[in-house]
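Numbering (the working numbering), first residue to last: 624 to 1078. Heads up, the beta-carbon is just placed ideally off N, CA and C, and yes, glycines get one too.
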Ligand SMILES: Nc1nc2c(ncn2[C@@H]2O[C@H](COP(=O)(O)OP(=O)(O)OP(=O)(O)O)[C@@H](O)[C@H]2O)c(=O)[nH]1
Ligand SMILES: [Mg+2]
């Protein structure tokens, strides 16, 4: 799932004050028990009217004490926990029918049904933290979850505050921090999406064997006949705590067979879009021109020589320059070194508590101050890392990406936009600060008046 799709359907709601919400907190699907949040004005009355408790009325029970009851005319057995004055959890059976039954009946009492992400967003201190919480629920490994948990705990927000302070006092340090955060953009992309790793090479070198060895189970067909793998064979796994989509491909050669040719075209496409390419050579045969060409196209590829359990053939000089890793897929030799080399391509692991831009909107953020033409320490306003050429582009000059609807009442927005809007405001603030700092140093910036600031 890409970033946009991931954040789609994650609405940010300015909580209405005139009605309560009902939200299913347990995940979709069938479970033993489901938990519904019922919160906001009128929640206590609605729960009291729907649930007959064995120990009094829902609007009078003590906080945090589970109470057994029967819900609605069908008498669905539930447990009610009062978490606050107008704040309840209703635990019902976890099948779709009882869940829908309870939600429908509560919502019919002038409640609003909202998705859990929206419920969670309303509880997070900032839009960035709300987005981190939603991303956290999609984290595929503990390592990714730890990084997202840091962002939920405020790592990204704190870094932005720090940069804001530094713009005046130490612009070079502000720039360094911006660069540091930007350098983690790719890593941030792969906290909820796996890294794509493609195994490529000539036929019969042992790509499928290596896929199976790295995965720890037999997924792809291994055979001594060259050209065995035709289609792409992908699986999801984790390497050193990172989520990986590992892809086995057809062996590269001049094939006469049309099906094999199609497989080779797929292999080349997979190599082109992979985050990491593992070029697999056969240690018992000298490497060929097709492999050298592939390495030229992807100089960042991890070069590995398979079948190190067999007597080695002499290799052309370019192989040694590629610092190959010797492995035996069959004997499981060298797999740790190969894993380390793959993971090393993902970039340095951020220290605990470091800011990591985990969504597209956040990747725009560390660009308030750019390196201008004015030399060392010069502050300009532009975008770094996006090839903007240091041109002055002030956010205030652009139309607001997500203007709030006019008028009163409930304001419902997509949180992806809510996050963008929040980022937009932060960016604006940082840029403005950078302009002021530049002006204070007597640097003239076209289009900005010394006193009034940006138009
Ligand atoms: N001795 C030894 N044999 C291996 C090793 N890895 C693979 N082989 C053998 O090499 C042959 C080809 O292995 P595959 O994994 O099917 O090779 P491939 O690169 O996927 O081949 P294609 O699908 O044809 O492109 C099989 O007979 C494997 O048993 C290894 O590390 N050592
Ligand atoms: Mg194969």
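Query: heavy atom of ligand 2 below 8 Å from residue 570 C-beta; Result: Absent from the structure is residue 570, since the part of the chain shown begins at 624 and ends at 1078.
Query: Run of the alpha helix (DSSP H) containing residue 928, from where it starts to where it stops; Result: Careful: residue 928 lies outside any alpha helix (DSSP H), inside the beta strand (DSSP E) at 925–929.
Query: Rounded Cβ spacing between residue 873 and residue 909 (contact assumed at less than 8 Å); Result: The Cβ separation is near 21 Å, so there is no contact.
Query: Cβ-based burial, residue 721 [other Cβ within 10 Å; buried from 16]; Result: buried
Query: For residue 975, the three-state DSSP class (helix, strand or coil); Result: coil
Query: Cross-strand partners of residue 714 (DSSP beta bridge); Result: 658 and 702
Query: Presumed contact (8 Å Cβ cut-off) between residue 808 and residue 980, rounded CB distance; Result: 5 Å
Query: beta-carbon residue 844 near ligand 1 non-hydrogen atom, thresh 8 Å; Result: yes
Query: Alpha-carbon spacing of residue 925 relative to residue 644, whole angstroms; Result: 52 Å
Query: DSSP bridge partner residues for residue 821 (one or two, in chain order); Result: 870 and 900
Query: For residue 835 and residue 823, believed in contact at Cβ under 8 Å, the rounded distance; Result: No, residue 823 and residue 835 are not in contact; Cβ-Cβ is about 16 Å, not under 8 Å.
Query: Distance, residue 961 Cα to residue 780 Cα; Result: 36 Å
Query: CB of residue 852 within 9 Å of CB of residue 838, strictly; Result: no
Query: Nonlocal neighbours in the same chain, by C-beta distance under 6 Å from residue 686, ignoring five residues either side; Result: 705
Query: In DSSP terms, what residue 860 is bridged to; Result: 867
Query: Extent of the continuous beta strand (DSSP E) to which residue 815 belongs; Result: No beta strand (DSSP E) contains residue 815, which DSSP labels as neither H nor E.
Query: Distance between beta carbons of residue 804 and residue 978, contact taken as under 8 Å; Result: 5 Å
Query: Distance CB(residue 819)-CB(residue 893) smaller than 9 Å; Result: yes
Query: Buried versus exposed call for residue 927 [16 or more other C-beta atoms within 10 Å across all chains shown]; Result: buried
Query: Sheet register partners of residue 647 (DSSP bridge); Result: 659
Query: Proximity test, residue 960 beta-carbon vs ligand 1 heavy atom, cut-off 8 Å; Result: no
Query: Validate contact between the stretch 724–734 and the stretch 692–710 using beta carbons, cut 8 Å, 3 pairs; Result: yes
Query: Closest Cα partner of residue 699 within the set 709, 707, 717 and 662; Result: 717
Query: Cut-off 6 Å between Cβ atoms - residues of its own chain near residue 767, not counting five sequence neighbours on either side; Result: 814
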